[in-house]
Amino acid sequence: MQKHLVIIGAGAAGLPVASQVRRKNKNIEITVITDREYFAYSPCGIPFVVSGMINSFDNLILRDMKYYSEMNINILNKTTVDRIDIDAQEIYFDNCKIKYDTLVIASGAKPIIPSIPGIDLEGVYFLNSLEDALRISKSLKNAKSPTIIGAGSIGLEMAHAFLKKGLKSRVIEMKDRVLPNMLDKDMGDIVEEYLTFLNMKINTSTVASSILGEKKVTHVKANGNEFETDLVLVSVGVRPNVELAKNAGIETGSTGGIVTDASLRVRRKGKFLKNVYSCGNCVEVTDIITHKSTVSALGSTAIRQGVVVADNILGKNTVFGPISSPSIAVIGELEVGTVGVTKEKALEYGINPIEGNAKGLTRAKYYPRGEDIYVKILSDSDYRVIGAQVISKEGVKGRIDAMSLLIGRKTTVHQLATSETSYAPPISSALDPLTMAARKIIGSD
């Protein structure tokens, strides 16, 4: 009898499951259900289409319906799942139902909507889909003074996209720095200085209390001030989209994400189900430093989880381990990367971090076009590396990826300080800034 794999969600986690299972198993029936019109696209590229760096949103679409049809994968887009019956192994939608043998819940995340007056006014937007991006891009044609609430990576990348369109944004952030989940205050100040140089208006330690206007937004009120605006992008984070799973009795954890075992099987009534998996931004995972539960909004994490789920459906017994969450944002010419925990996060979990900061050059001092590079490394009291932050106009990704590997291997700053690195004047300095920062921690500099 032919088996049926049903996947709810067609994002960075769900579609890799479908594709990988199909490549290895030509006989299983595969159905993917999504409430979105557009699927199989790269959401991380949206700000760069808005800015004009990429010509069209069409360029972000990686696969079309024809591709999945040829792979014999049935995509039901613009379809909302109403209910999951775990006991009957049935999915209900549009007055229909289908049975599954294996179910994957990859329902993703949805924007956090602040409970402030005026949040539903015309001209207030959230960015969670390609449909949202199209609406925002269209509205920019008549905008003059956009405001962004939230100075995270999406908010700042969109602020720069607006700048490329000739619009100077005001960015309102309740914390004392930009990119608060990525950077500590000293590193955030470097980014803020760059944004100010670009003529962006940055208001940190500022809380948006209401959005004003009769029908359409006209002002944002924050810290007692009223800032004139005609477009507001609210970008204060996301939370797991788990209502469908919870209504089916599937357990969620302290973070709000779906609880799974290492194989990404979900838990219901205290037991992990053999044939129901979950992956992506809706899932609770373990932080490699704090050993506490967390959720990840990273597409790279979602893809890796999708691969693990596919492996397990195919009988390979693969596990998904704790995460260090390496991430990077590109704001204009500036690359900003982070991995592990910030000082704030470390202190929150009772870790007293030791800090090492260094400023270097991306190339030899005498070689042209070298850029300043700022590095911060954090260790615990045992001198184990627990975090890194890197800012420059080049060379950030490789260093963040290297630090992710070192964190995963429980490397000490002593080992980092004495490690060998390659050198050539056109692409590096003789002593890497990571080494310099590590030496600061152990007192060698």
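Just so you know, we're using the numbering used here here: the sequence shown kicks off at -15 and counts up by one. Heads up, the beta-carbon is just placed ideally off N, CA and C, and yes, glycines get one too.
Have a look at the DSSP bridge pairing and note the partners of Ser311.
Thr322
Here's the rule I'm using: 16 or more other beta-carbon atoms within 10 Å means buried, otherwise exposed. How should Pro352 be labelled?
exposed
Quick one: what does DSSP say Gly427 is sitting in, helix, strand or coil?
coil
Are the beta-carbon atoms belonging to Asn231 and Lys94 less than 9 Å from one another?
no
In its own chain, which residues sit with a C-beta less than 6 Å from the C-beta of Ala343, not counting the 5 before and 5 after it?
At residue 343 the sequence reads Lys, which differs from the Ala that was named. Cβ within range, chain order: Tyr358.
In or out: Ala414 buried (at least 16 other Cβ within 10 Å) or exposed?
exposed
Going by DSSP in three states, Asp104 sits in which element: helix, strand or coil?
coil
Is the beta carbon of Leu44 sitting closer than 9 Å to the one on Ile297?
Not in contact: Leu44 and Ile297 (Cβ atoms no closer than 9 Å).
What residues are listed by DSSP as bridge partners for Cys80?
Beta-bridge pairing links Cys80 to Phe77.
Once you ignore the five residues that flank Ala(-3) on each side, which residues in its own chain have a CB closer than 6 Å to its CB?
Ala90, Cys263, Gly264, Ala286, Gln289, Gly290
Given a cut-off of 9 Å, decide if Ile391 and Gly233 are closer than it, judged by their beta-carbon atoms.
no
Quick check on DSSP: helix, strand or coil for Ser413?
coil
Roughly how many angstroms separate the alpha carbons of Asp170 and Glu54, rounded to a whole number?
52 Å
For Met(-15), which of helix, strand or coil comes out of DSSP?
The pLDDT assigned to Met(-15) is 46, lower than 50, so where the model puts this residue is not dependable, and the model offers no usable value.
Start and end residues, alpha helix (DSSP H) containing Val397
Element bounds for Val397: 397 to 401.
Which residues mark the beginning and the end of the beta strand (DSSP E) in which Ala192 is found?
192 to 196
When you compare only the Cα positions, how much space is there between Met(-15) and Lys255?
Residue placement at Met(-15) is flagged as unreliable, the pLDDT there being 46, under the threshold of 50; a coordinate-derived value is accordingly withheld.
Would the segment 133 to 147 and the segment 21 to 41 be scored as touching if the rule is three or more Cβ pairs under 8 Å?
yes
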